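Trainee:
2 protein chains.
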Amino acid sequence: MERKRNISMAVIRRLPKYYRYLSEFMKNDVDRISSKELSEKIGFTASQIRQDLNCFGDFGQQGYGYNVKDLYREISSILGLDQEYNTVIVGAGNIGQAIANYTDFDKLGFKLNAIFDVNPKLTGLKIRDVEIQDIDNLQQFLKYNQVNLGVICVPRESAQRVCDILIENGVKGIWNFAPVDLHAEEDIKIENVHLSDSLLTLTYLLNGR
Amino acid sequence: MERKRNISMAVIRRLPKYYRYLSEFMKNDVDRISSKELSEKIGFTASQIRQDLNCFGDFGQQGYGYNVKDLYREISSILGLDQEYNTVIVGAGNIGQAIANYTDFDKLGFKLNAIFDVNPKLTGLKIRDVEIQDIDNLQQFLKYNQVNLGVICVPRESAQRVCDILIENGVKGIWNFAPVDLHAEEDIKIENVHLSDSLLTLTYLLNGR
Numbered sequence: 021m022e023r024k025r026n027i028s029m030a031v032i033r034r035l036p037k038y039y040r041y042l043s044e045f046m047k048n049d050v051d052r053i054s055s056k057e058l059s060e061k062i063g064f065t066a067s068q069i070r071q072d073l074n075c076f077g078d079f080g081q082q083g084y085g086y087n088v089k090d091l092y093r094e095i096s097s098i099l100g101l102d103q104e105y106n107t108v109i110v111g112a113g114n115i116g117q118a119i120a121n122y123t124d125f126d127k128l129g130f131k132l133n134a135i136f137d138v139n140p141k142l143t144g145l146k147i148r149d150v151e152i153q154d155i156d157n158l159q160q161f162l163k164y165n166q167v168n169l170g171v172i173c174v175p176r177e178s179a180q181r182v183c184d185i186l187i188e189n190g191v192k193g194i195w196n197f198a199p200v201d202l203h204a205e206e207d208i209k210i211e212n213v214h215l216s217d218s219l220l221t222l223t224y225l226l227n228g229r
Numbered sequence: 021m022e023r024k025r026n027i028s029m030a031v032i033r034r035l036p037k038y039y040r041y042l043s044e045f046m047k048n049d050v051d052r053i054s055s056k057e058l059s060e061k062i063g064f065t066a067s068q069i070r071q072d073l074n075c076f077g078d079f080g081q082q083g084y085g086y087n088v089k090d091l092y093r094e095i096s097s098i099l100g101l102d103q104e105y106n107t108v109i110v111g112a113g114n115i116g117q118a119i120a121n122y123t124d125f126d127k128l129g130f131k132l133n134a135i136f137d138v139n140p141k142l143t144g145l146k147i148r149d150v151e152i153q154d155i156d157n158l159q160q161f162l163k164y165n166q167v168n169l170g171v172i173c174v175p176r177e178s179a180q181r182v183c184d185i186l187i188e189n190g191v192k193g194i195w196n197f198a199p200v201d202l203h204a205e206e207d208i209k210i211e212n213v214h215l216s217d218s219l220l221t222l223t224y225l226l227n228g229r
């Protein structure tokens, strides 16, 4: 299938939302849906939806709408969900444990291979059958296991160092929860979840400006 | 101070990042900074920075740059951080506990007033001196305590119901961690942290499309 190049981040960030809604339609045995109906559910305009999906190919049919199962499959594949991701979590504090316990990720194809922490009180404990290892094992582990994704849940001071170790050992994707912007070469993909940035956006909006 | 109306969400979402960097400069006793230096640190272009900050007033001085302390104070106030936010967390699972334990929020002026959960094994336990209460107490609690912010950390199925209860009882700001889009009147501000959306953006990027 032909895809346009240079798809904007705004479009890309809407894709997971399409995926979420299509999953729901699948669960509810919806076979097809018009861009108008999809628009009412998802909250984007019908024209926005057509434009977004056109970036990735020729979905939908005039007068028929979208075949839910086909579109779901296609978006899964665009999002790279037809693959498995070997994942390590570094930092087994509250956020790290929350991520490790988040069963939704299994369903999306993420395989939690290992968890690392610096705290000896945590090492040896298990979260959903995955043992928390001493952080000193991280490098060794990465050498002998092909890991695609590293989740960084350490304090801000250690985040860049952890990021460097992950990248030096072949990890290409970083999901960063530390409240700091990490530096890496361009071929490394970093996605930040800056919780306090999100909260401050909310307080801004709350103050009616 | 005069502020332009209709400031775009893109600008608003950059503000917390300015705030984060200015906090760091304050810690490191930096008194003033040029838009060029700020640009190198923060990764936005100098012209972007001037444009962003101009939305909120006349900061910075030709040839001098920005006074760090003044700009920090001003952005704190724009973000509404000169106020205190009474906060409740609904859902004391992994994410709820992680949020409750996140001490950074105290520093930003968030006061955790109560935590609620449906699980009797959790009620009565304390997180940082705040007791987890039965969710049946939520409505009553909101009636007798002025709460500004509700953090929703319940499963997707209960999220809208919890949101409705919070709003009916005067909560104006919702920080939503449930993987679902909540519906509310326009005067209610909802900020979503959709973790799986963030992760799927990363897998998209990883697949080099």
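Listed in order, the protein sequences are those of chains A and Y.
The opening residue of the first sequence carries number 21 in this note's numbering; numbering runs sequentially from there.
The opening residue of the second sequence carries number 21 in this note's numbering; numbering runs sequentially from there.
Even glycine gets a Cβ: it sits at the ideal position worked out from N, Cα and C.
On a predicted model such as this, the values are computed, not experimentally measured, just so you know.
1. Find out if the Cβ-Cβ distance for the pair Y38(A), L220(Y) is shorter than 8 Å.
2. Would you say the stretch 120-138 of chain A touches the stretch 126-145 of chain Y, given that touching needs at least three Cβ pairs under 8 Å?
3. For A30(A), does the count of other Cβ atoms within 10 angstroms reach 16, so buried, or fall short, so exposed?
4. State the CB to CB distance for the pair L162(Y) and N189(Y), rounded to an integer number of angstroms; the pair is presumed to be in contact (CB under 8 Å).
5. Which of helix, strand or coil does DSSP assign to Y128(Y)?
6. For S96(Y) and V213(Y), I'd like the C-alpha separation in whole angstroms.
7. Which residue from K209(Y), D49(Y), F79(Y), S178(Y) puts its Cα closest to that of K192(Y)?
8. For I115(A), would you say it is in contact with chain B, using Cβ-to-Cβ distances shorter than 8 Å as the test?
9. For A134(Y), name the three-state secondary structure that DSSP assigns.
10. Against chain Y, does N192(A) count as a neighbour if the rule is that its beta carbon must be under 8 Å from one of theirs?
11. Pull up the distance between the alpha-carbon of D12(A) and that of I32(A), whole angstroms please.
12. Around the C-beta of P36(Y), are 16 or more other C-beta atoms found within 10 angstroms, so that it is buried, or is it exposed?
13. For N227(Y), does the three-state DSSP call read helix, strand or coil?
14. Excluding the five sequence neighbours on either side, which residues of its own chain have a C-beta within less than 8 Å of the C-beta of A179(Y), listed in chain order?
15. Whose CA, out of K131(Y), R34(Y), D49(Y), K146(Y), lies closest to the CA of L73(Y)?
16. Tell whether a beta-carbon distance below 8 Å holds between G80(A) and S55(A).
17. Tell me whether S54(A), by its Cβ, gets closer than 7 Å to a heavy atom of the ligand PLP.
18. Along chain Y, in chain order, which residues have C-beta atoms closer than 9 Å to that of K146(A)?
19. Just reading off the alpha helix (DSSP H) that N114(A) is part of, what are its end residues?
20. Give me the Cα-Cα distance between P140(Y) and F130(A), rounded to the nearest whole angstrom.
21. Throw me the rounded Cβ distance for the A120(Y) and V150(Y) pair, which I believe falls under 8 Å.
22. Would you mind reading off the limits of the beta strand (DSSP E) that contains Y105(Y)?
23. Distance, Cα to Cα, G116(A) vs I62(A)?
Mentor: This is what the structure holds:
1. no
2. no
3. exposed
4. 4 Å
5. The displayed chain sequence assigns Leu, not Tyr, to residue 128(Y). It is coil, neither helix nor strand.
6. 22 Å
7. K209(Y)
8. This model lacks chain B altogether; the protein chains it does include are A and Y.
9. Here DSSP, grouped into helix, strand and coil, assigns A134(Y) to strand.
10. The identity of residue 192(A) in the sequence shown is Lys, whereas the question assumes Asn. So, interface residue.
11. As shown, chain A starts at 21 and ends at 229. That puts residue 12(A) outside it, with no answer to give.
12. By the neighbour-count rule (16 or more Cβ atoms within 10 Å), P36(Y) is buried.
13. Reduced to three states, the DSSP call for N227(Y) is coil.
14. I172, N196, A198, V200, L202
15. R34(Y)
16. yes
17. The ligand PLP is not part of this structure, which contains no ligands at all.
18. Under the 9 Å cutoff, chain Y gives no residues; its nearest Cβ is about 15 Å from K146(A).
19. Where N114(A) is concerned, the enclosing alpha helix (DSSP H) stretches over 114-120.
20. 31 Å
21. Contact holds; Cβ gap of about 7 Å.
22. 105-110
23. 30 Å
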